[in-house]
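Asker: Once you know that position 144 of the sequence shown is 144 in UniProt numbering, the rest is easy, because the numbers rise by one and skip nothing. Questions regarding the structure given below will be posed in turn.
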Amino acid sequence: MKILEFELFIKQASLNALLITFANSKPFDSKGAKGFVIESSYKASKYAPYPLTEEIYQLNNQLLSEFSGLDFQLNGTKHQFFIKSLFVTDEFFKHIYKQIQIKRIESQISDDEFSDLILLAFFAFRGSPDFKLNFYSLDLPRQIVSSFYLDSLFKLLTNINDLRQLNLNFRELQDQFITGENERNTQFRINLRYFADNFTNQLSRINQFKADILKQNQALIRTKNIAQESKTFIERLMFYKDNVLNQQKTEREIEQLRKDLGFLYDNVIDEKIKRNQGIVQYVRAFFDDECVCCKNHYPLDNRTFKLRNSDRYYLEIHHVISFSADKTLDQIDNLVKVCPTCHRALTKNRAEETYQKQMISEILVNAPNVKEFCLNFTDNNNCVQFIYDRLR
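Below is the structure:
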């Protein structure tokens, strides 16, 4: 078994490799070696245009290695890459998540490219189509799903172009799980037609067998709808964390949760929408109505106004760290609410430098999630200057 030390892996890993690690790793402990294994596996399918052979596994192993930059080993029907590490699971994923943020900026890729890489990291390696339910699905291994992992997953997925297409299947609420008959993992899913329309060609760079299944069944897939849920993916993920993860429920409570999680499909969804506004709408709806720059200095009604027929105040969404014109970073831990006055004052070269830096300092105090995000790229003493240098 080939195994790479964690420190060497971090030093060598590309953005592709880091995203793949976050999406497909689980702990292993074998013959005195401990760490994490990145794994991709798949089976023969009645929907495939040809049988699954050793030659196909070998071809896909080469494709996986080339796409990720990792030397995958083919062990039976599993493609595996081993990382030696003594970190506990949450600590391991904390390091991986931080390196993803760093490499994202270093790589100079656009927001759209980053969105595509995230989805390919999850679904190309372990996903499979469900033609009946119209999803492309994968399991999230129970041994990695913690509150920390879901928080990191949540933050990462807020970079996706169209969050409407994502779905979580909470199997903890299914009868077989409740009775202990079959405690299956939570499923992470994406609308099948959306995935096939947008990712079949890219999938062929990673797994030719999976791509050919989608091509073979293109006519069937085209009969499916691009789906939208009554609950957004973000709402479902937070609902899962707050109400399902590691909690014991009565039958009555479970039944109510099932009702709460019901979803509908719209017959027509605009496929031309690229940048998803779901995350901005979430911030607008669920973040406190306060300006993180001036809330400790001015009453809110002195800085803005109430919306018509509403008790809500008008506040604007501000990207705290800007990197370039095509990297807006619509990521939840990079977004805050600010009043119109402060938002305009934070424009590059508009207000005095001292005043702008004071405003940034207030943000870091009043929005600790932003400071944590900033620390992915610089140290604690340099956060204000780091953000100031990137004002736009």
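Beta carbons are placed, not taken as given, at the ideal position from N, Cα and C, and that holds for glycine. Keep in mind it's a predicted model, so treat the numbers as computed, not measured.
Taking the straight line between their C-alpha atoms, what separation do you get for tyrosine 97 and arginine 189?
Answerer: For the purposes of this step, residue 97 is taken as the residue at position 97 of the sequence shown. For the purposes of this step, residue 189 is taken as the residue at position 189 of the sequence shown. Rounded to the nearest angstrom, the two C-alpha atoms are 21 Å apart.
Asker: For glutamine 58, tell me which candidate among Thr77, Thr347, Arg126 and Asn159 has the shortest Cα-Cα distance.
Answerer: Taking the first residue of the sequence shown as position 1, residue 58 is located at position 58. Measuring from the Cα of glutamine 58, the nearest candidate turns out to be Thr77.
Asker: So is serine 310 buried or exposed if we call it buried at 16+ other beta carbons inside 10 Å?
Answerer: Counting from 1 along the sequence shown, the entry for residue 310 is found at position 310. So serine 310 counts as exposed.
Asker: Anyone know if the C-beta pair for isoleucine 160 and leucine 119 falls short of 8 Å?
Answerer: Position 160 of the sequence shown, counted from the start, is the residue given in the question as residue 160. Position 119 of the sequence shown, counted from the start, is the residue given in the question as residue 119. Yes, the Cβ-Cβ distance between isoleucine 160 and leucine 119 is below 8 Å.
Asker: Assign isoleucine 273 to one of three DSSP states: helix, strand, or coil.
Answerer: Walking along the sequence shown from the start, residue 273 turns up at place 273. Note on isoleucine 273: pLDDT 36, under 50, position unreliable in the model; no value is reported.
Asker: Using the Cβ count rule (16 or more neighbours within 10 Å means buried), how would you classify serine 147?
Answerer: Sequence index remark: in the sequence shown, residue 147 carries index 147 (1-based). Serine 147 is exposed by the Cβ-count criterion.
Asker: Measuring only the C-alpha atoms, how far is proline 340 from aspartate 111?
Answerer: Taking the sequence shown and counting its residues from 1, one reaches residue 340 at position 340. Taking the sequence shown and counting its residues from 1, one reaches residue 111 at position 111. Going by the C-alpha atoms only, they are around 26 Å apart.
Asker: Closest by CA to arginine 126, which one among Tyr50, Leu138 and Asn134?
Answerer: Here residue 126 refers to the residue found at position 126 when the sequence shown is read from its first residue. That would be Leu138, whose Cα lies nearest to the Cα of arginine 126.
Asker: Considering only their Cβ atoms, is the gap separating histidine 319 from leucine 300 smaller than 8 Å?
Answerer: On the sequence shown, residue 300 is found 300 positions in, with the first residue counted as 1. On the sequence shown, residue 319 is found 319 positions in, with the first residue counted as 1. Not a contact, by the Cβ cut-off of 8 Å.
Asker: State the Cα-Cα distance for the pair lysine 306 and leucine 163, rounded to the nearest angstrom.
Answerer: Sequence index remark: in the sequence shown, residue 306 carries index 306 (1-based). Sequence index remark: in the sequence shown, residue 163 carries index 163 (1-based). The straight-line gap from Cα to Cα measures roughly 29 Å.
Asker: Would you be able to state if there are at least three C-beta pairs under 8 Å between the stretch 44 to 63 and the stretch 81 to 99?
Answerer: Output reads no: the stretch 44 to 63 does not touch the stretch 81 to 99.
Asker: So, helix, strand or coil for lysine 84, using DSSP?
Answerer: Against the sequence shown, residue 84 aligns to sequence position 84. It is a strand residue.
Asker: Alpha carbon to alpha carbon, what distance is there between threonine 347 and serine 14?
Answerer: As a working note, residue 14 is residue 14 in the sequence shown. As a working note, residue 347 is residue 347 in the sequence shown. Looking at the two C-alpha atoms, the distance is approximately 33 Å.
Asker: Does any CB atom of chain E fall closer than 8 Å to the CB of aspartate 289?
Answerer: Among the protein chains of the structure shown there is no chain E, as only one such chain exists.
Asker: Should phenylalanine 286 go down as buried or exposed, given a rule of 16 or more other Cβ atoms within 10 Å for buried?
Answerer: For this step, residue 286 is matched to residue 286 along the sequence shown. Label assigned to phenylalanine 286: exposed.
Asker: For a minimum of 3 consecutive residues, which ranges assigned as the beta strand (DSSP E) are wholly contained in the stretch 121 to 176?
Answerer: Fully enclosed beta strand (DSSP E) runs of 3 or longer: 128 to 130, 135 to 140 and 166 to 169.
Asker: What first and last residue would you give for the beta strand (DSSP E) that runs through isoleucine 317?
Answerer: For the purposes of this step, residue 317 is taken as residue 317 along the sequence shown, with counting starting at 1. Where isoleucine 317 is concerned, the enclosing beta strand (DSSP E) stretches over 316 to 319.
Asker: Between which two residues does the alpha helix (DSSP H) harbouring proline 368 extend?
Answerer: Against the sequence shown, residue 368 aligns to sequence position 368. Segment 368 to 374, the alpha helix (DSSP H) holding proline 368.
Asker: State the DSSP-derived secondary structure class of lysine 259, mapped to helix, strand or coil.
Answerer: Residue 259 sits at position 259 when you count from the first residue of the sequence shown. Model confidence at lysine 259 stands at a pLDDT of 49, short of 50, so the residue's coordinates are unreliable and nothing is read from them.
Asker: Use the C-beta contact count for isoleucine 102: other C-beta atoms within 10 angstroms, 16 or more gives buried, fewer gives exposed.
Answerer: As a working mapping, residue 102 is identified with position 102 in the sequence shown. Answer is exposed; the Cβ neighbour count stays below 16.
Asker: Whole angstroms are fine: how far does the CA of cysteine 374 sit from the CA of phenylalanine 67?
Answerer: Counted from its first residue, the sequence shown places residue 67 at position 67. Counted from its first residue, the sequence shown places residue 374 at position 374. So the alpha carbons of these two residues sit roughly 29 Å apart.
Asker: Return the CA-CA distance between isoleucine 387 and leucine 117, expressed in angstroms with no decimal places.
Answerer: On the sequence shown, residue 387 is found 387 positions in, with the first residue counted as 1. On the sequence shown, residue 117 is found 117 positions in, with the first residue counted as 1. Near 26 Å, if we compare the C-alpha coordinates of leucine 117 and isoleucine 387.
Asker: How many Å lie between proline 141 and asparagine 24 at the Cα?
Answerer: Position 141 of the sequence shown holds residue 141. Position 24 of the sequence shown holds residue 24. Rounded to the nearest angstrom, the two C-alpha atoms are 9 Å apart.
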